[in-house]
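Here is the structure we will look at.
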Amino acid sequence: MYSTLLVLHSFVRWLVVLSLLTALVRGYQGWFRADVFSKTDYRLRHLTATFAHIQLMIGFLLYFQSPLVAIFRSGDSQSEVPLDIPFFGWMHISLMTLAIVVITVGSALAKRQPSDLAKFRTMAIWFSIGLLIICIAIPWPFSPLVNRPYLRSF
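Start counting the sequence shown at 250; every next residue gets the next number (the working numbering).
Structure (structure tokens):
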């Protein structure tokens with residue numbers, strides 16, 4: 250089951266990234282062009298938040314099955330703990346959860362704005378903050394903390 254979740258996680262992560270980037274482009278376009286917030290924009294906003302929630306649930310399932318997190322939760326204190334353990338033990342899950350909360354709040358606030366301009370502005374700002382937090386929490390291949398390849402081979 251763990252390997253199936255990893256494959257699903259890898260697929261959904263790209264759906265989150267693509268929908269978030271598309272929503273950001275549309276949010277900034279609508280904001281600066283003073284466009285009408287269409288049904289397509291509404292669906293894109295909603296779909297982005299939905300993909301993010303699905304990714305969060307898969308992430309929680311993986312978190313509680315991860316061997317690295319099991320080491321972190323065991324509390325074995327060693328003098329030389331690899332950075333992977335605290336990164337995945339609390340930093341990654343905390344920041345990704347925060348990012349999804351920010352995206353969710355932004356989606357909800359954008360939905361309730363009275364004007365189209367305010368909807369686009371709210372969506373653009375909150376989704377940008379969410380994307381920034383996601384980028385901070387990613388184990389980039391060049392990161393000094395912990396690194397993973399862009400595409401994992403299973």
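Think of the CB as a built atom: it goes at the ideal place given N, C-alpha and C, for glycine as much as any other residue.
When the options are compared against residue i, the one with the closest alpha-carbon
i, options, result
"Tyr291", "Met306, Lys368, Leu311 and Leu317", "Lys368"
"Asp333", "Leu394, Met250, Val256 and Asp284", "Leu394"
"Leu269", "Leu311, Ser392 and Ser377", "Ser377"
"Val266", "Ala283, Ser252 and Arg294", "Arg294"
"Leu311", "Phe391, Leu254 and Arg370", "Leu254"
"Ile387", "Ser259, Ser252 and Met250", "Ser259"
"Gly338", "Thr289, Thr371, Ser315 and Ser392", "Ser315"
"Gly379", "Gly355, Phe391 and Val285", "Gly355"
"Arg370", "Gly279, Ser323, Gly308 and Pro390", "Gly279"
"Pro363", "Val285, Leu381, Ile349 and Phe300", "Val285"
"Lys288", "Trp389, Ile385 and Asp365", "Asp365"
"Thr299", "His341, Ile349 and Ile385", "Ile349"
"Arg397", "Arg275, Phe336 and Gly276", "Phe336"
"Phe313", "Tyr251, Ser392 and Tyr277", "Tyr251"
Short Cβ contact (9 Å threshold) for residue i with residue j
i, j, result
"Ile383", "Thr297", "no"
"Leu273", "Ala373", "yes"
C-beta neighbour in chain D for residue i, strict 9 Å
i, result
"Asp284", "The structure shown contains no chain D, having only a single protein chain."
beta-carbon residue i near the ligand ZN non-hydrogen atom, thresh 8 Å
i, result
"Arg275", "Ligands displayed in this structure: none; no statement on the ligand ZN is therefore possible."
Unbroken alpha helix (DSSP H) run spanning residue i, endpoints
i, result
"Ser377", "Asp365 to Ala386"
Could you name each continuous alpha helix (DSSP H) segment of 4 residues or more that falls completely within the region 275 to 345, going from the start of the chain to the end?
-> When DSSP assignments are scanned along the region 275 to 345, the uninterrupted stretches of alpha helix (DSSP H) that are 4 or more residues long and fall wholly within it turn out to be 288 to 314 and 316 to 323.
Contact between the region 336 to 346 and the region 300 to 313 (3+ Cβ pairs under 8 Å) | Contact check between the region 336 to 346 and the region 300 to 313: three or more CB pairs, one atom from each, fall below 8 Å, which counts as touching.
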